[in-house]
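Input: a single structure, listed below in structure tokens.
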Amino acid sequence: MLLEAAGITKIFGKLTALDGAALTVGANEFHGLIGPNGSGKSTLMKCIAGAEVPTTGKVSFVNTDITAFTPTERARAGMSLKFQITSVLPSLTLYDNILLALQAQSSLIDLLFSRTRDALHEQVMTMLTQFRLADRAFEPAAALSHGQQQWLEIAMALAGKPKLLLLDEPTGGMSLEERRVTGELLQPIKQHCSLVIVEHDLDFIRDICDRLTVLDQGKVLASGTVSEIQANKAVQEIYLRRA
Amino acid sequence: PAPWANAAEAPIKVGIATDLTGPIAYAGNADANVAKMVIKEINAAGGLLGRPLELYIEDTASNESVAVGNVRKLIQRDKVDMVLGGITSSMRNAIKDPIVARGKTLYIYPQLYEGKECTPYLFCTGPTPAQQCDEFIPWLIKNGGKKFALPSANYVWPHTLNVYARKVIEANGGEVVFEEYYPLDQVDFSATVNRIISNKVDVVFNTVIPPGVGPFFKQLYEAGFLKNGGRLACVYYDENTLNINQAAEIEGLASCLDYFKVLTKENPFDAKIQAAYEKDFPGNFLFAAGSAATGTYRGLKLWEAAVKEAGKVDRDSVAAALDHAKIAEGPGGPAEMVPGKRHCKMKMYTAVAKAGSYEIVGRSNGLVDPKEC
Amino acid sequence: MPKSMGAVKQAIPAAIGGEPDVAMASSGTAKQKSTRKILPVVEGIVLVAALLAPLLLQDYLTVFATRVIILALFALSFDLVWGYAGIMSFGQALFFGSAGYGVALLARDLDITNIFLVLPAGTLIGLTFALLLGGFLLLGRHPSSVIFVSLGTLTGSYAADRLARGWYYLGGQNGIPSIAPMSLGSYEFTEGPAFYYLVLGILVVVYLLCRFLVRSQFGLALAGLRENEQRIAFFGYKAQHLKAIIFAIGGAVAGMAGSLYAFHEGFVWPNMVGVVVSTQVVLYVLFGGSGTLIGAVIGAVIVEGVSFWLSDNYRDIWPIILGVLLLLVILFRPLGLISFVLGERERVGSFGAKPKENVKENVKEDVKEKRNAP
Amino acid sequence: MANAFVAAFEILSFGAIIVLIVLGLGIIASMMGIFNFAQGEFVLLGAYITYLAYAKGLPIWAGMVAAPFVVGALGFVLEALIIRRFYAAPIVAMLGTYALGLIIRESVRGLIGGFYLTVPEPIGGSIDIGAMHISAWRFTIIIITLLVMAGCYLLLSRTNFGLRMRATLENPSLARASGISTPLMYGATFAFGSALAGLAGALIVPVFSLYADLGLRFLIQGFVAVMVGGVGSFIGPVAGAGVIGTLSAALPWIMAPVVADVLVFVLAIAFIKFRPQGLIAGKGV
Amino acid sequence: MPEFLDIKHLDAGYGRSQVLFDVTLGIPWRGGVAVLGRNGAGKTTLMKTIVGELPAWKGEVAFDGRDISRRATQERVRAGIGYVPQEHSVFARLSVRDNLAVGSLASSKADAVDHVLTIFPKLGQRLDQPAGTLSGGERKMLAIGRALLGDPKLLLLDEPTEGVWIGVIEEITERLIELAKTIAVIIVEQHLDLALRVADYAYVLDRGRVALQGQAGEVRDNPELVRYLAP
Ligand SMILES: Nc1ncnc2c1ncn2[C@@H]1O[C@H](COP(=O)(O)OP(=O)(O)OP(=O)(O)O)[C@@H](O)[C@H]1O
Ligand SMILES: Nc1ncnc2c1ncn2[C@@H]1O[C@H](COP(=O)(O)OP(=O)(O)OP(=O)(O)O)[C@@H](O)[C@H]1O
Ligand SMILES: [Mg+2]
Ligand SMILES: [Mg+2]
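Protein chains in written order, with our numbering: chain S, 51 to 293; chain C, 29 to 401; chain R, 71 to 444; chain V, 191 to 475; chain D, 2 to 232.
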């Protein structure tokens, strides 16, 4: 298994946001994480990426225990996260945003003497073109609309060539057509990368994911292949229940 | 000025570098005013060596870095023949090198200070610890008591002065109960006041400076120090500093300086310069000893005497003459340089604050020796 | 403060009148406006002026100019940490002053004035102090907020000032006067043209190094740091290390400036480590324009020059006038004087060249060209 | 025993003075996110107005009452003309207010001739309990400080003012979209913070006498207090001021004052480092 | 008879870049209006211009018969416009309770908050939590709740259901349909179904221009629509 998170509990004050949740993702697997609002999806993603420290539980990645790793160390181990709330670097250009993500793992010497810059240029422009942002490459990211910022963030998350990509609601604010395109853009990475994706749009999830995990009130309600989940009684129930 | 328009030779240039802005601007402005007055007077009397005097004033801004820059203007741009100024010791320290060593110019320092300044070509015309303590402390012991406290601001003047004062106190049978130093801007003295009261100190020989001194005296007063017969002593207290506290809070405070304004009642020459000063500069900047105004006057006059004797203005000739220069009249009386010492003998007065003004209670017999260098 | 700096930054240009200079014709078909490159021109003009200055100025002004150049070096050190990495070092004087004190003690107690010993020593002292303070303030579990760092450094500098005033070995309030001149063999650097060209040379070298630094990809990492430290940590940057490194480099440059200053002025005094000088350097940089190296230099020159002139001509009220001028610049030119000639886009710049030009230009080592492709 | 009582009183009274001075600073820092470097000069202006009243022969308390209003009004005007432009950039704000402070300070220095001037207390002398003497005015200051603190607390917690203010600082555009007039809120808050500084100046001038650097003296202490207490609430800075004030008055009782002086700051930075949110984490009022 | 909100020939943008070109639209006194368009089409910009966060460069914005294009945002809001922004739609450091309190500052109804809490029971469990720590969906609920508390006569919703769980979307949709019977609602939405259920009329923006408009049903069936929504 590429990623194994087990027994993750996260307590905020009185609230137990995650209650022994678990998630396993294999190599080259696209894994969907679904559940009602406040069920702990984002919190679980953050615990995996290191943005939150779980109260208890263990995360291992490529057979190493990374529970005590900082976000930087996790990123260097090959994880990459797109936050639910977009957080691009507003006054830098789109180009620089991507470049920043691309060169993150270079050594200090490389950074100083810019040996990688030419090599990176092609990649930056390819990414931007793929995400239909190339014509705005030299504008500051702040000038993008919300949806465009989502694209940029996905591009940045992809740029680091991660082994595991964590996307928290990447298609928020996108139309059906735009979602479809996003799905297409994600497909090719399956060659070298696994994906955990949080989404509310079931159709989208169904289209691209191999397996699903359903969270409800901090607990894993069900986990399995798409068809297993669709047949699951408990899951159907929460879809009928109102928040 | 017109009368000099066709003078044969260029004017003699006098540089003043003093704190025109910043926390002690009141002193610096008074010094600058005195310089203007003296220069005007000399020029009115026909100048020096037949040449007019020209005054160059620069601000030292209580900021050593600004000061050094401005002093260089005096030396390098204006090429003055002499610089007088600097009020605090740190200022003197900062500017003496650009003036004397790098600038090869004569420097006169007019303020009362801690002594020990023995740099060649640097002449001091304000009182030294010996001049302020030798007669004053015995008076305090007689009129206050034997137990002294030495609360002080933490810088070189109090440190050095206290060493001397302690010697005199002990030589006269007194005792120093404690000697303590505070950051310069300390404004709360409850711990100190408590020690003074509980140790039954007779005399507080104070070298705390503003802004701390106001609250300090007030706290002492409120704790009943004066009521119980304690005596305040402070050797930089002059007319300027009287307003820091209400009269009652410093009733009986004793000071020892080379000049007090009350002397104008007994001394016609003092009355004359005081009147001339107030006529020209009626504002807030008082002609007072603690702000170096008297030292400035004395310094300029001694220098005038020296230039006259030397007959030229180059540094070495003037310094040689200034070494033993004398003036018969000055603020508080005559003054003369002690040969080889570059310090100045002068008369000293002990005065006591009564209801917001000073009363002279003691005078030195003749000129007091600075005992420096 | 939990408030993200990202949001604050984003608001700056719009809120303070600086138009968010988004060069694009229309929403869909955005095209970058061809921007003339003004920065190199400004740099060239300043350099030529600096080279000619001693020939045109009277002696005493050359001495003054020497000091200004040393202060410009100091300003550069602050600009590096604040303008480029977004670390608000409100205590930059601590490194400047401690190096000054350090070399003053070397000269006073050990008679060491050799330029090849004292300058490295001063630089090292600045570096060490910056590493210590920076390590304490910037490293740790939680990333430290800008306000915390600014007040932390300010307090550090304030405490150092008070320590210097209270410590007798350092001369207390009086500082250390009459420092012997810096020497090279039997030659002594006294104030004047030789000293001027010495510090100018040092400034140019340090400037070029800084320029290389901020335009390398390392500079991009710094820009990311300035924008949002937490975010770039998720890319895999060792954000805190980067911060500590740049802070230490800033300290080293400040230390070098401090030791030159001590020898040039011939004395050191507590203010030199204190809040007054710390604030002063911030003023230089903001006045000139932070985030451009040349802005820091221009700021130091203008602030010092104007104060010098004002104190000459408005002797009694010059601090007030200076205050008013500062306020006006901060109000109407929050991005500094440099923003009169430099657009926001060129200031923030981009680390990527546009594709077309990049093909044309095949310059290998020269970083500048790549960034500034016309 | 008596000694301990006097010590406690003295330490407490200095703590109260620092609290009084920091109140306004804390409100502006917490509610508006601006570290106002001109705050010391607002204190100075309060002191100066009190002095003016005294010098013109008016009763001193009249000056003390006028001071907060005049300084508050000035704060309101300055906010509209100057401070308003800085909200987006807290660091620029520090320098802008620094320049403002410089202008005010140097002007006042000109007006008072750079001297140290005494202003008598409206309630002078000391309260004598047996052999102990306690300053009547310092005692009054403690009482007024407590009253002002309580008043501010009520204002911020019991009225919508505090809520509007916090909403405005947190997200100005959303606050506007919620119908809050953000310019008015900023103006009112800044004026309120300035008025408190004016009051502090008026009350402390009899203790410390009037001089141009009066406010500056307390500025950094004030910032440190705000940080120690915690930005973001009203109570935080007040608590911080209490701690810093009493600490800097108490330490000289047990060690050399020069050491105590530096120690306070070192302790403060170390404390902030290990508890960055401050004594009281910024929540609520 | 003039429309409730009458926008004529509106140009607007950021700095020097123009985003909206000659936009004209009318919103009736009650009923829903949908604004559609792909990412970057200018929907948010339009909303911001209506509430006054962005100045109109040219053209006219009239509300309730009065020109409001020069008025400050807070005045427009007090005049009866409610706004749920797309991003930063809650006061992150204020508690949920305080967020709601800010919403009801202007309102006189005592039980208004309770009413909102019955719509979104989830919020009731989170009252003392800083709004910035809410989950994405909870945050949206809070933003909508806050806007409802102000008793608006015209409600602007910029993607109110982004990140909201399907069950809740249903709830929100019903509320909005309800609401649109009494007040005017402008909704920007990527959920085409939802938008067109709430709205009677729809505008489609393309690169800052109105490309298509008409009754909800017509627009939905228009073959052009897909083209305008595709990236
Ligand atoms: N820092 C925090 N402090 C307190 N509570 C928190 C914090 N962060 C999250 N929560 C709570 O934990 C719960 C889970 O939040 P999380 O963001 O993981 O939900 P989610 O599944 O991502 O929901 P959504 O689909 O709405 O984004 C929520 O109820 C939220 O309010
Ligand atoms: N602050 C800004 N400065 C400059 N341009 C901007 C700014 N905000 C948005 N834009 C540009 O204006 C155009 C319209 O943006 P707007 O946010 O209105 O789009 P939108 O229709 O709301 O898109 P989305 O569906 O992604 O939210 C876009 O091209 C965007 O890049
Ligand atoms: Mg979420
Ligand atoms: Mg939008």
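For each residue, glycine too, the CB sits at the ideal point set by N, CA and C.
| Query | Result |
| --- | --- |
| Chain-ordered residues of the segment 90–104 of chain C with a beta carbon less than 8 Å from chain R | ASN91, GLU92, SER93, VAL94, VAL96, GLY97, ASN98, ARG100, LYS101, ILE103, GLN104 |
| Cross-chain neighbours of R/HIS212 in chain V, by beta carbon under 7 Å | PRO466 |
| Per-residue DSSP class, three states only, for V/ILE313 | coil |
| D/THR45: CB within 7 Å of a non-hydrogen atom of ligand 4 | yes |
| Contact check, R/GLY196 vs R/GLY328, beta carbons under 8 Å | yes |
| Proximity below 8 Å, CB of C/MET376 to CB of C/VAL396 | yes |
| Three-state secondary structure assigned by DSSP to C/ASP59 | helix |
| Under 8 Å from the C-beta of V/PHE204: neighbouring residues of chain C | ASP216, SER218 |
| Proximal residues, the segment 142–166 of chain S versus chain E, C-beta separation under 8 Å | Structure shown: chain E not included; protein chains present are S, C, R, V and D. |
| Contact with chain S by R/ALA155, beta-carbon distance below 8 Å | no |
| Check: D/SER90 C-beta below 7 Å from any heavy atom of ligand 4 | no |
| Near-chain C residues of the segment 312–334 of chain V - C-beta to any C-beta below 7 Å | SER316, HIS323, SER325 |
| Beta-carbon gap between V/PRO466 and R/PHE206 smaller than 8 Å | no |
| Burial state of R/ARG285 (16 or more Cβ within 10 Å) | buried |
| Same chain, Cβ closer than 7 Å to D/LYS9, five either side skipped, listed in chain order | THR25, GLY60, GLU61 |
| Check: R/VAL346 C-beta below 7 Å from any heavy atom of ligand 3 | no |
| For D/GLN216: DSSP bridge partner residues | D/TYR202 |
| Where S/THR114 meets chain R, residues with beta-carbon distance less than 9 Å | Near S/THR114 there are no residues of chain R at all, since even the closest Cβ is about 16 Å away, more than 9 Å. |
| C-beta atoms of C/ILE259 and C/LEU168 nearer than 8 Å | Checking the sequence, you will find Arg at residue 259 of chain C rather than Ile. For C/ARG259 and C/LEU168, yes; Cβs fall inside 8 Å. |
| Within chain R, partners of S/GLY210 - CB distance below 9 Å | PHE305, GLY306 |
| Alpha-carbon to alpha-carbon, R/PRO110 and C/ILE237 | 53 Å |
| Near-chain S residues of the segment 158–188 of chain D - C-beta to any C-beta below 7 Å | GLU160, GLU163, GLY164, VAL165, TRP166, ILE167, GLY168, VAL169, GLU172 |
| Residue(s) in a DSSP beta bridge with C/ALA181 | C/TYR210 |
| C-beta neighbour in chain C for V/TRP443, strict 8 Å | yes |
| The segment 171–178 of chain S in contact with the segment 290–309 of chain R per 3-pair CB rule at 8 Å | no |
| Given 8 Å, three or more beta-carbon pairs between the segment 140–151 of chain S and the segment 103–111 of chain S | no |
| Status (buried if at least 16 other CB within 10 Å, exposed otherwise) for D/HIS192 | buried |
| Per-residue DSSP class, three states only, for C/SER117 | helix |
| Near ligand 2: S/ALA205 beta-carbon under 7 Å from a heavy atom | no |
| Meets three-Cβ-pair contact criterion under 8 Å: the segment 252–269 of chain S and the segment 76–86 of chain S | yes |
| Within 8 Å, strictly: CB atoms of R/GLU261 and R/VAL133 | yes |
| Among S/ARG186, S/ILE255, S/LEU271, nearest to S/HIS81 - alpha-carbon criterion | S/ILE255 |
| Neighbourhood of C/VAL221 by C-beta, 7 Å cutoff - its chain only, sequence neighbours within 5 removed | GLN247, LEU248, ALA251 |
| Candidates V/PHE455, V/ASN193, V/GLY419, V/ALA206: closest to R/THR223 by CA position | V/PHE455 |
| C/HIS352, enclosing beta strand (DSSP E) - first and last residue | First-last for C/HIS352: undefined, no H or E at that position. |
| D/ASN100 at chain S interface by Cβ criterion, 8 Å | no |
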